[in-house]
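Structure first, then comments.
Chains as they are written, first to last, in the numbering used here: chain C, 3 to 256; chain H, 75 to 409.
As structure tokens, this is what we get:
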């Protein structure tokens with residue numbers, strides 16, 4: 003089978019977000035970058051499905067030239083090919099992003115055959131638009147489910163589970179299909195040293211995408227005002243235990 | 075005549091909490107543009123009569139007209155089929171905006187509508203300012219960052235961030251006019267039913283107790299090992315609490331993902347959250363935002379989690395947590 007995985011490069015934010023001077027992006031001077039968490043699991047899922055069924059896997063992202071690093075992370079754990087839709091690093095809205103990805107999928111399929119499965123993350127960690135995978139699926143006229151935490155593929159049918167209160171809804175959809183997954187569907191592996199070396203030598207296919215008009219259009223960002231929280235220090239080390247238990251009684255949780 | 079269309083999910087005959095939040099935002103838009111609020115409600119063929127009985131009461135939520143979508147094809151949830159029906163109602167409009175809640179299905183359906191109609195959609199919106207160009211404020215990073223954006227398109231499509239705006243309370247006055255109910259028989263194609271719910275698996279619902287727990291004991295990197303989590307299980311057992319963990323603890327394989335609190339895990343809302351050996355990365359903090367009080371146990375008083383704490387113990391969790399459990403046993407044993 004052939005699988006395409008869509009990923010996004012996002013900053014690893016740590017404990018506090020600081021904005022750049024123009025208030026249109028995050029100050030990333032002191033931050034590392036990662037594959038957005040849901041998509042990290044989509045990559046792992048693709049590697050497992052290809053291990054089990056044979057075939058070819060391709061990873062694709064839209065982003066700045068540095069997003070090649072995140073593609074190499076995917077190559078390092080077993081994805082075979084990587085495609086970068088290279089931008090100038092500015093903010094691409096979901097309509098423009100999905101349009102460029104759809105164009106690229108059509109080109110890749112024309113050259114290498116259809117993808118049985120396109121895997122994506124449920125929503126990106128940074129902008130959280132909840133729509134790129136759905137727009138790509140609708141444009142390609144393929145069925146899609148989102149929010150998936152368990153996936154099986156057999157005899158041309160994908161069976162997918164989405165967590166709901168009290169259990170899970172079970173979906174079935176015929177291939178070719180698009181599935182947007184959530185973290186927890188698997189535990190992504192760490193790349194091996196040989197895997198990293200292999201990824202380093204691989205060529206990243208670069209395409210300059212056409213940007214169509216879309217929206218919503220980012221104007222500016224702001225960090226929400228945090229409420230000043232007064233912290234009561236109950237003590238240091240194990241000696242604080244009696245005071246903690248007294249507090250639990252006061253709060254009625256004991 | 076411009077109007078705002080809202081996707082409403084009913085629970086026990088009334089809008090569920092997230093739909094009531096969406097109705098509040100929709101009412102604000104309708105007021106600003108001088109229009110009405112319409113609702114689209116889904117029901118399977120067997121639920122249709124019950125929904126038709128309940129729908130007029132949406133007048134109490136400021137809704138003038140309900141489009142009740144009922145039909146054979148809607149017996150099981152199929153995102154594209156629901157979107158086909160909303161698109162059918164929307165094109166019969168005209169509507170200035172279509173609003174959905176931050177619920178998983180509502181968000182998914184509206185994204186399908188956006189793709190079909192080929193208009194932008196803003197997800198997780200907290201406020202809307204209609205005008206020549208509409209301005210919306212929406213959440214990024216699960217609410218750690220706010221984005222002001224222009225939202226264009228005809229109609230404007232947006233989802234309302236969950237638990238970020240007040241739920242609309244129904245008008246108590248008997249003068250609220252009941253909503254007019256129109257039944258819609260949607261034109262659903264086989265292609266719209268390709269992805270649909272075919273069954274339910276009720277064996278996998280383990281993280282729900284975490285979302286509802288009154289007390290949560292959470293652990294992170296500071297525990298140092300998978301084995302050390304036994305002391306959290308012990309404290310949680312004594313308190314009748316649920317155990318939650320940070321993303322690091324699941325990434326390292328110390329604990330199952332179902333226990334993860336955070337942006338990509340479960341959102342908790344306990345009376346007390348005891349955060350042990352957790353530094354407080356944004357990814358984690360957004361999952362614990364609704365906790366009434368946070369007790370932090372951590373060696374590093376400069377850790378970001380202290381900014382969210384009501385109470386703190388400075389110290390090594392592996393020494394402090396067993397001491398608290400021992401103290402609970404002592405006071406209980408003593409009467």
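Beta carbons: idealized from backbone N, C-alpha and C, even for Gly.
Mind listing the chain C neighbours of residue i? Cutoff is C-beta to C-beta under 8 Å, in chain order.
{"i": "residue 415 of chain H", "result": "Nothing about residue 415 of chain H can be reported from this structure: the residues present for chain H run from 75 to 409 only."}
{"i": "residue 347 of chain H", "result": "Ordered by position in chain C, no residue passes the 8 Å Cβ test against residue 347 of chain H, which lies about 11 Å from the chain."}
{"i": "residue 214 of chain H", "result": "128, 129, 130 and 223"}
{"i": "residue 338 of chain H", "result": "39, 40, 127, 184, 185 and 186"}
{"i": "residue 319 of chain H", "result": "Result: empty, since nearest Cβ-Cβ is about 12 Å, beyond 8 Å."}
{"i": "residue 332 of chain H", "result": "186"}
Is there a Cβ from chain C that is less than 8 Å from the Cβ of residue i?
{"i": "residue 210 of chain H", "result": "yes"}
{"i": "residue 386 of chain H", "result": "yes"}
{"i": "residue 181 of chain H", "result": "yes"}
{"i": "residue 226 of chain H", "result": "yes"}
{"i": "residue 289 of chain H", "result": "yes"}
{"i": "residue 394 of chain H", "result": "yes"}
{"i": "residue 218 of chain H", "result": "yes"}
{"i": "residue 405 of chain H", "result": "yes"}
{"i": "residue 146 of chain H", "result": "no"}
{"i": "residue 327 of chain H", "result": "yes"}
{"i": "residue 354 of chain H", "result": "yes"}
If you drop the 5 nearest sequence neighbours on each side, which residues of the same chain put their C-beta closer than 7 Å to that of residue i?
{"i": "residue 394 of chain H", "result": "371 and 387"}
{"i": "residue 14 of chain C", "result": "33, 34, 35 and 36"}
{"i": "residue 99 of chain C", "result": "64 and 134"}
Answer with yes or no whether the minimum CB distance from residue i to chain H is below 8 Å.
{"i": "residue 140 of chain C", "result": "yes"}
{"i": "residue 105 of chain C", "result": "no"}
{"i": "residue 193 of chain C", "result": "no"}
{"i": "residue 174 of chain C", "result": "yes"}
{"i": "residue 159 of chain C", "result": "no"}
{"i": "residue 242 of chain C", "result": "yes"}
{"i": "residue 99 of chain C", "result": "no"}
{"i": "residue 219 of chain C", "result": "yes"}
{"i": "residue 163 of chain C", "result": "yes"}
{"i": "residue 137 of chain C", "result": "yes"}
{"i": "residue 148 of chain C", "result": "yes"}
{"i": "residue 24 of chain C", "result": "no"}
{"i": "residue 95 of chain C", "result": "yes"}
{"i": "residue 253 of chain C", "result": "yes"}
{"i": "residue 33 of chain C", "result": "no"}
How would you list, in chain order, the residues of chain H whose beta-carbon sits under 8 Å from the beta-carbon of residue i?
{"i": "residue 133 of chain C", "result": "185, 188, 189, 195 and 197"}
{"i": "residue 263 of chain C", "result": "Any question about residue 263 of chain C goes unanswered here, given that chain C covers just 3 to 256."}
{"i": "residue 226 of chain C", "result": "217, 218, 219 and 220"}
So residue i contacts chain C; which residues on that side make the cut at Cβ distance below 7 Å?
{"i": "residue 277 of chain H", "result": "169"}
{"i": "residue 273 of chain H", "result": "172"}
{"i": "residue 268 of chain H", "result": "145, 175 and 176"}
{"i": "residue 382 of chain H", "result": "231"}
{"i": "residue 397 of chain H", "result": "240 and 243"}
Rounded to the nearest angstrom, how far is the Cβ of residue i from that of residue j, given a contact under 8 Å?
{"i": "residue 207 of chain C", "j": "residue 20 of chain C", "result": "At roughly 34 Å, the Cβ-Cβ gap does not stay under 8 Å, so residue 207 of chain C and residue 20 of chain C are not in contact."}
{"i": "residue 271 of chain H", "j": "residue 135 of chain H", "result": "Between residue 135 of chain H and residue 271 of chain H the Cβ distance is about 28 Å, and since that is not below 8 Å, they are no contact."}
{"i": "residue 95 of chain C", "j": "residue 216 of chain C", "result": "5 Å"}
{"i": "residue 187 of chain H", "j": "residue 164 of chain H", "result": "7 Å"}
{"i": "residue 317 of chain H", "j": "residue 333 of chain H", "result": "6 Å"}
{"i": "residue 218 of chain H", "j": "residue 360 of chain H", "result": "6 Å"}
{"i": "residue 124 of chain C", "j": "residue 149 of chain C", "result": "5 Å"}
In chain C, what lies closer than 9 Å to residue i by C-beta?
{"i": "residue 165 of chain H", "result": "None at all; the shortest Cβ gap to chain C is about 16 Å."}
{"i": "residue 378 of chain H", "result": "16, 17 and 18"}
{"i": "residue 243 of chain H", "result": "Result: empty, since nearest Cβ-Cβ is about 24 Å, beyond 9 Å."}
Against residue i, what residues of chain H qualify as contacts under a CB-to-CB distance less than 9 Å, listed in chain order?
{"i": "residue 235 of chain C", "result": "375, 385, 386, 387 and 388"}
{"i": "residue 247 of chain C", "result": "398, 401, 402, 404 and 405"}
Which residues in the same chain have their Cβ closer than 6 Å to the Cβ of residue i, if we skip the five residues on either side of it in sequence?
{"i": "residue 42 of chain C", "result": "190"}
{"i": "residue 139 of chain C", "result": "146 and 180"}
{"i": "residue 291 of chain H", "result": "306, 309, 310, 315, 317 and 348"}
{"i": "residue 223 of chain C", "result": "21 and 25"}
{"i": "residue 201 of chain H", "result": "211"}
Go through its chain and collect everything with a Cβ distance to residue i's Cβ below 8 Å, but skip five positions before and after it.
{"i": "residue 97 of chain C", "result": "137, 214, 215, 216 and 217"}
{"i": "residue 177 of chain H", "result": "83, 90, 92, 93 and 236"}
{"i": "residue 12 of chain C", "result": "35, 36, 37, 38, 126, 127 and 128"}
{"i": "residue 70 of chain C", "result": "84, 86 and 206"}
{"i": "residue 170 of chain C", "result": "151, 152, 163 and 164"}
{"i": "residue 219 of chain C", "result": "95"}
Under 7 Å Cβ-Cβ, which residues of chain H neighbour residue i?
{"i": "residue 239 of chain C", "result": "389, 393 and 394"}
Next on the checklist: My parser needs the beta strand (DSSP E) runs of 3 or more residues fully inside the region 205-247 of chain C; what are they?
Outcome noted: 207-209, 219-224 and 234-238
Item to check | beta strand (DSSP E) runs wholly inside the region 160-221 of chain H, at least 3 long, in chain order | outcome: Segments of the beta strand (DSSP E) lying fully in the region 160-221 of chain H: 169-174, 195-203 and 208-214.
Next on the checklist: For a minimum of 4 consecutive residues, which ranges assigned as the alpha helix (DSSP H) are wholly contained in the region 14-97 of chain C?
Outcome noted: 39-55 and 70-78
Next on the checklist: What ranges does the beta strand (DSSP E) occupy inside the region 248-335 of chain H, keeping only unbroken runs of at least 3 residues that lie completely in it?
Outcome noted: 254-258, 270-275, 289-293 and 316-319, all fully within the region 248-335 of chain H.
Checklist entry - Taking only runs of the beta strand (DSSP E) that begin and end inside the region 93-141 of chain H, which ones reach a length of at least 3 residues, in chain order? => result 110-118
Checklist entry - In chain order, which continuous runs of the beta strand (DSSP E) of length 3 or greater are located wholly inside the region 337-363 of chain H? => result Note on the region 337-363 of chain H: whole beta strand (DSSP E) runs with a minimum of 3 residues are 346-350, in chain order.
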